[in-house]
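Data first, discussion second: the structure below is written as structure tokens.
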Amino acid sequence: FSSAGFNYEIIIIDDGSPNGTRNVAEQLENICGSDKILLKPQEKKLGLGTAYIHGMKHAPGNYIIIMGAALSHHPKPCLKKKKKKFIAEFIRKQKESNSDIVSGTCYKGNGGVYGWDLKRKIISHRANFITQILLRPEASDLAGSFDYTKKKSQVQSPVPKTTTKVLQKLKEKCVSKGYIFQMEMIVQARQLNYSIDEVPISFADRVYGESKLVGKEIVSFLEGSLTLFTT
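What the sequence shown shows, in full-length UniProt numbering, is residues 1 to 231, in sequence order.
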């Protein structure tokens, strides 16, 4: 960001994680300064969606990048032959198309998943297929959780070219607190006529610790799909 001339800050949300995340974030904040790295903890685990909203509330910039901190969504490609950096591609795509949201996808172009066994890949593809059939979101990956969003937009509405606060509207519409929030945000954005573009990304299974996407989260994901379909 500095080399590209962007003003930025990194907001870290920790929700009472027992693995020392908060201590590491505090050290980074002290080293880099709170004008660049800002820790905004929650005292207990309230769900991924709640953490996203908590972070958005403290983000003053005109554009916000949402990503996990376990480096499963890495700012750089997983393979050396892929030289384009994902965040730079998000910014380039948004400037090119003036989209309200640029979403990372593992299901287009050079996108892909690394470190998963065959069973997990099959479950992921089937879950994504079901959501595509039910919701018709016009976005290929509803579980990506690696997005670039602008705060304000001009959208087609009863009053043409009405300026709206993109994130504020999405926060008002989205009610999910867990992993389903990332899917709901894309679906609600489509219903609000916000424009969405996509960039192929690589998702790598985390090196340290265990993935939080367990059986109950998969069930929640499918239940959330049905809820969005019926509302």
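A virtual CB, placed ideally from N, CA and C, is assigned to each residue, including glycine.
Being a predicted model, the structure only gives us computed values, none of them experimental.
Burial state of Tyr114 (16 or more Cβ within 10 Å): exposed
In the DSSP assignment, the beta strand (DSSP E) including Tyr63 goes from what residue to what residue? Tyr63 to Ile66
Segment contact, 8 Å Cβ cut-off, at least three pairs: the segment 44-53 with the segment 22-30: no
In chain order, what residues of the same chain have a beta carbon less than 6 Å from the beta carbon of Glu29, not counting five sequence neighbours either side? Ile37 and Leu39
Span separating the alpha-carbon of Gly33 from that of Glu9: 10 Å
Please say whether Lys57 and Glu198 have beta carbons closer to each other than 7 Å? no
N-terminal and C-terminal residue of the alpha helix (DSSP H) that Tyr52 is part of: Leu48 to Lys57
Short check: CB of Asp147 to CB of Ile66, under 7 Å? yes
Indicate the three-state DSSP secondary structure (helix, strand or coil) for Phe1 in the structure shown. coil
Could you check whether Ala143 and Ile186 sit closer than 7 Å to each other, using their CB atoms as the reference points? no
So, under 8 Å CB-CB, Ala127 and Ile218 are touching, yes? Tell me the CB distance rounded to an integer number of Å. 7 Å
4 or more residues per run - each alpha helix (DSSP H) lying fully within the segment 116-160: 118-135
Using DSSP with H/G/I as helix, E/B as strand and the rest coil, what is Ala204? strand
Apply the 10 Å Cβ neighbour rule to Gly20 and answer buried if 16 or more other Cβ atoms are within range, or exposed otherwise. exposed
Whole-angstrom distance between Leu135 and residue 232, CA atom to CA atom: Residue numbering for the chain in the displayed model covers 1 to 231; residue 232 lies beyond these limits and cannot be assessed.
By the 10 Å Cβ neighbour count, where 16 or more other Cβ atoms means buried, how is Pro137 classified, buried or exposed? buried
What distance in whole Å lies between the Cβ atoms of Asp100 and Ala189, which are believed to be in contact at a cut-off of 8 Å? 7 Å
Through-space distance from Asn7 to Lys171, alpha-carbon basis: 24 Å
Secondary structure of Glu43, DSSP reduced to three states: coil
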